[in-house]
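Numbering-wise, our numbering puts 146 at position 146 of the sequence shown, and it's gapless, one number per residue.
Note sheet for the following structure.
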Amino acid sequence: MPDPIHTLGAAGIAAAVAAGDIGAREAVEAHLERIAAVNPAVNAVTTPLAERARGEAEELDRRRARGGPAGPLAGVPFTVKENIHVAGTATTFGVPRMRGLLPREDAPPVRRLRAAGAVCVGRTNLPDMTLGGVHTSSTLYGDTANPWDPARTPGGSSGGDGAAVATGMAPLGLGNDSGGSVRVPAAFCGVAGLKPGYGRIASDHRIAGREPTLASQLFPVDGPIARNTADLRLALSVLAGPDPGDPRAVPAPLQGPRPRGPVRVGVVADALGSGVDPGVRAAVREAADALQEAGYAVEEAVPPRLSEALDGYGRLVMTEFALGWPHLKELIREEARPYIERSMEKNPPADLPGYVQLTADRLGVQREWARFQQEVPLLLGPVFTGPIPSPGEELQSAEAHERVSGALGLCAATTYVGVPAVAVPAGVADGLPRSVQVIGPMHREDLCLDAAEAIERSFGTPTPIDPRG
Numbered sequence: 001m002p003d004p005i006h007t008l009g010a011a012g013i014a015a016a017v018a019a020g021d022i023g024a025r026e027a028v029e030a031h032l033e034r035i036a037a038v039n040p041a042v043n044a045v046t047t048p049l050a051e052r053a054r055g056e057a058e059e060l061d062r063r064r065a066r067g068g069p070a071g072p073l074a075g076v077p078f079t080v081k082e083n084i085h086v087a088g089t090a091t092t093f094g095v096p097r098m099r100g101l102l103p104r105e106d107a108p109p110v111r112r113l114r115a116a117g118a119v120c121v122g123r124t125n126l127p128d129m130t131l132g133g134v135h136t137s138s139t140l141y142g143d144t145a146n147p148w149d150p151a152r153t154p155g156g157s158s159g160g161d162g163a164a165v166a167t168g169m170a171p172l173g174l175g176n177d178s179g180g181s182v183r184v185p186a187a188f189c190g191v192a193g194l195k196p197g198y199g200r201i202a203s204d205h206r207i208a209g210r211e212p213t214l215a216s217q218l219f220p221v222d223g224p225i226a227r228n229t230a231d232l233r234l235a236l237s238v239l240a241g242p243d244p245g246d247p248r249a250v251p252a253p254l255q256g257p258r259p260r261g262p263v264r265v266g267v268v269a270d271a272l273g274s275g276v277d278p279g280v281r282a283a284v285r286e287a288a289d290a291l292q293e294a295g296y297a298v299e300e301a302v303p304p305r306l307s308e309a310l311d312g313y314g315r316l317v318m319t320e321f322a323l324g325w326p327h328l329k330e331l332i333r334e335e336a337r338p339y340i341e342r343s344m345e346k347n348p349p350a351d352l353p354g355y356v357q358l359t360a361d362r363l364g365v366q367r368e369w370a371r372f373q374q375e376v377p378l379l380l381g382p383v384f385t386g387p388i389p390s391p392g393e394e395l396q397s398a399e400a401h402e403r404v405s406g407a408l409g410l411c412a413a414t415t416y417v418g419v420p421a422v423a424v425p426a427g428v429a430d431g432l433p434r435s436v437q438v439i440g441p442m443h444r445e446d447l448c449l450d451a452a453e454a455i456e457r458s459f460g461t462p463t464p465i466d467p468r469g
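Written as structure tokens, this is what we have:
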């Protein structure tokens, strides 16, 4: 191969393995070597699964040698966040109390990736129980560094996968997003991330066999992180669809009907009117120009009932967190607890009648968004309205918490509504990646990916990078 294997994307590796240009073992070994070389600089991969990965790759090569078919992701290495089950490896959530939690089965998305020929090469870091803030730092594994600048956070809670993909340790990472947790690390690390719509990808978010409560059923979705939109599209084709392990997953087609005429895109740079960093605003403006040049009909827009969406999201989540907080807070380190405690102060738990009304209000907001997106199918806006924060900045004071959590408004609102979104790089400025997100209607990940690909053509892909300087 003319380029180092670790620089190839998922589609490139799968095509090379299918053509016999490289073997699955060769692809896996190249990424294990990359993990050994650069992971000490970023601390993204918590548990390399080297021997297991080699064995799976060798078996795949043997099947190919016997004339067996190559799956769509044959030989493609991938990483998995430590709150998603991988059979036989601990789902630790980053905390000591969970390191004995050894699932007997893969979670549905892990099972699907493996069935397509992908090989898990390692588990990745996350904040304690995914609750310790925007920065990826866990009690068990410590801090993950942003590969562009260690003075900045890689984001969270899927920050381990974002940093691993950005540095070439794997072309695919599997994380989850319940308010930006795939999109934020994708944005801060200069890669692409897909938050699928509700019901698109089957998941299993049980902890020690306990079923999640309502908000934890409605909001978190598993999704891929990759270096380009083509790899996100390929991963989605494998991950999407119904599964007996998750009755919420629907058999919606991956390609929907094309809108008549140019696709309308509503630009949402500062929907809440709370201010946007000039660099972020510039990224959104230039991405809008790229879409217009690609034939999209670009206009300013404000999504409906955005403030209600943010209030409903915060109060539903914090009402449920408040019930379990006396137990949960004992699992995470003391310095990480203020993030949730300040969030509960900002969004006081509702009583039972109030909680029931919140579940009703959500449907009304969803209905208004669906009507709005019939006319304006796509929204373009920032993933994070401020500059990339320093590690743990949101824990330093109430003001910092408000600033950082407020910058995630568009991520929280789209999670509340349940629609898909793609974070895509929009260039590099002052040595740091810029990013935007494209938000689509329910079950229209294809429209999001099409627009993200047009933005990507204009700006290019800035990774993989070497965090060692």
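We treat Cβ as the ideally placed atom computed from N, Cα and C, and that holds for glycine.
For residue i, the first and last residue of its enclosing alpha helix (DSSP H)
{"i": "R64", "result": "A50 to A65"}
{"i": "P278", "result": "P278 to E293"}
{"i": "S435", "result": "Looking at the DSSP string, S435 is not in any alpha helix (DSSP H); the run it does join, the beta strand (DSSP E), is L432 to I439."}
{"i": "G364", "result": "L352 to E375"}
{"i": "R99", "result": "R99 -> no alpha helix (DSSP H), and no H or E assigned at all."}
{"i": "L214", "result": "L214 to L218"}
{"i": "P40", "result": "A24 to V42"}
{"i": "G159", "result": "G159 to A166"}
{"i": "H401", "result": "A398 to G406"}
{"i": "E341", "result": "P338 to K346"}
{"i": "V110", "result": "P108 to A115"}
{"i": "F188", "result": "R183 to C189"}
Start-to-end residues for the beta strand (DSSP E) that takes in residue i
{"i": "I455", "result": "Here I455 belongs to no beta strand (DSSP E); instead the alpha helix (DSSP H) covers E445 to F459."}
{"i": "V17", "result": "From DSSP, V17 is part of no beta strand (DSSP E) but of the alpha helix (DSSP H) over A10 to A19."}
{"i": "E299", "result": "A297 to E300"}
One or two residues paired with residue i in a DSSP bridge
{"i": "K233", "result": "Correcting the residue identity first, residue 233 is Arg in this sequence and not Lys. Answer by DSSP bridge pairing: none, since R233 is not bridged."}
{"i": "V317", "result": "Bridge partners of V317: none, in fact."}
{"i": "T47", "result": "R123"}
{"i": "R305", "result": "DSSP output for R305 lists no bridge partner at all."}
{"i": "K195", "result": "A421"}
{"i": "D204", "result": "D204 pairs with nothing; no bridge assigned."}
{"i": "R210", "result": "I207"}
{"i": "L378", "result": "V265"}
{"i": "V86", "result": "T89"}
{"i": "L172", "result": "F78 and A226"}
{"i": "V221", "result": "D177"}
{"i": "G241", "result": "I201"}
{"i": "D519", "result": "The structure shown does not extend to residue 519, since the chain is modelled only from 1 through 469, so no value can be given for it."}
{"i": "G142", "result": "S138"}
{"i": "D246", "result": "D243"}
Residues near residue i by beta carbon distance below 6 Å, same chain, minus five either side
{"i": "D412", "result": "Going by the sequence as given, residue 412 is Ala instead of Asp. Only G179, L310 and Y313 meet the Cβ criterion."}
{"i": "A57", "result": "A24, R25, V28 and V119"}
{"i": "P212", "result": "H205"}
{"i": "H401", "result": "R342 and E394"}
{"i": "Q292", "result": "V298"}
Buried or exposed (CB count within 10 angstroms, at least 16 for buried), residue i
{"i": "V356", "result": "exposed"}
{"i": "H327", "result": "exposed"}
{"i": "P127", "result": "buried"}
{"i": "P467", "result": "buried"}
{"i": "S138", "result": "buried"}
{"i": "S435", "result": "buried"}
{"i": "S237", "result": "exposed"}
{"i": "D3", "result": "exposed"}
{"i": "A36", "result": "exposed"}
{"i": "Q373", "result": "buried"}
{"i": "S274", "result": "exposed"}
{"i": "Q396", "result": "exposed"}
{"i": "G209", "result": "exposed"}
Cβ shell of residue i (< 7 Å), same chain only, five flanking positions each side left out
{"i": "P462", "result": "G190, P425, V428 and P433"}
{"i": "K81", "result": "T124, L126, S158, G160, D161, L174, G175 and N176"}
{"i": "A398", "result": "R342"}
{"i": "M318", "result": "S343, M344, N347 and P349"}
{"i": "A151", "result": "S390"}
Spatially closest choice to residue i from the options, by CA coordinates
{"i": "P348", "options": "G94, W148 and L316", "result": "L316"}
{"i": "L113", "options": "R210, V184, P40 and D222", "result": "D222"}
{"i": "D450", "options": "G256, R64 and V45", "result": "G256"}
{"i": "A336", "options": "Q437, H31 and H135", "result": "H135"}
{"i": "D270", "options": "A407, R227 and H443", "result": "A407"}
{"i": "L272", "options": "E308, E293, A288 and G156", "result": "E308"}
{"i": "R62", "options": "G75, D231 and A186", "result": "G75"}
{"i": "E453", "options": "G386, R227 and L358", "result": "R227"}
{"i": "E445", "options": "D430, V422 and G209", "result": "V422"}
{"i": "G132", "options": "P353, E330 and G460", "result": "E330"}
{"i": "V263", "options": "V38, E33, I439 and E456", "result": "I439"}
{"i": "R200", "options": "A252, S216 and T167", "result": "A252"}
Residue-level contact to chain B via CB, residue i, 8 Å cutoff
{"i": "E394", "result": "You won't find chain B in this structure, because it holds only one protein chain."}
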